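Each residue of the sequence shown is one higher than the one before, counting from 9 in the numbering used here. All residues carry an ideal CB built from backbone N, CA and C; glycine is no exception. Here the structure is a predicted model, which is why all the values come from computation and not from measurement.
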Amino acid sequence: MEVASVQFVSYDRLAESVRLIETGLTSDPVRLSRRRRFAAVAYEVQNDVAAAWFVRRGHNTFWHEIHTLARRGGVWSCLGGGGHNADEDGLADRPCAAELGGLLVSRGGGSTSVRQRSLLPLPDRFVTYAELLVAEEVSAVEVGSDHRAAPRHGRLLAVWTERPPPRVRALAADGDELATLDLASGRTAPKRVLLSRRRPGRRAG
């Protein structure tokens with residue numbers, strides 16, 4: 009279920025988002041529990057805007073929450089955000105492409121206005137984000153000119169303020185391109201055919 013904005017969270021969204029932006033991911037939990045009720049998943053910074061992705065434990069569900077931020081005068085402030093709930097926290101090891109439905113997919117995103125106070129009728133500027141998921145066959149991901157290693161759980165963010173959105177490429181360990189994702193349409197174009205293996209104990213449904 010998609011929600012328009014994130015209002016009720018069990019953590020300080022601004023403080024935790026700024027901490028994530030400034031220090032990066034300092035832990036990599038494989039699951040949430042009664043003791044650990046939220047965790048940082050991913051973040052992305054593009055000049056003076058950013059997005060931070062958290063997952064928190066709810067009542068019989070898990071909430072994936074993305075907060076958008078802008079930096080003015082050297083200080084970060086929250087703009088808004090969005091999210092959705094799911095049956096799983098998404099922190100387990102990423103699946104193979106056959107189980108994920110592709111090498112590189114995007115299953116959510118949003119956009120927030122970056123409003124600036126001015127006496128002039130300036131056009132609205134927006135910070136847009138997309139949730140990215142990569143399969144276990146992917147070694148690294150390029151979002152525009154930003155190169156990053158694929159995280160263990162396979163979840164990343166893409167952030168942009170200009171059109172068109174950045175090109176997303178999934179890369180193999182040897183640097184070869186496996187697939188590209190068009191964020192404007194959500195379509196993935198595979199470049200190499202891989203023989204994906206299913207993990208032991210899993211059966212095709």
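Put simply, the backbone Cα of G116 is about 5 Å away from that of E139. For E139, the three-state secondary structure derived from DSSP is strand. C-alpha of G32 to C-alpha of F46: approximately 16 Å in a straight line.
The DSSP-derived three-state label of A192 is coil. The DSSP-derived three-state label of R39 is coil.
Here W84 has V26, L77 as same chain residues with Cβ atoms under 6 Å from its own Cβ, once five neighbours each way along the sequence are excluded.
S18 counts as exposed, since fewer than 16 other beta carbons sit within 10 angstroms of its beta carbon.
DSSP places R21 in no beta strand (DSSP E) but in the uninterrupted alpha helix (DSSP H) bounded by 21 to 31. Linking S121 to D101 through their CA atoms gives a straight-line distance of about 34 Å.
Taking all protein chains in view, the Cβ of T136 is crowded by 16 or more other Cβ atoms within 10 Å, so the residue is classified as buried.
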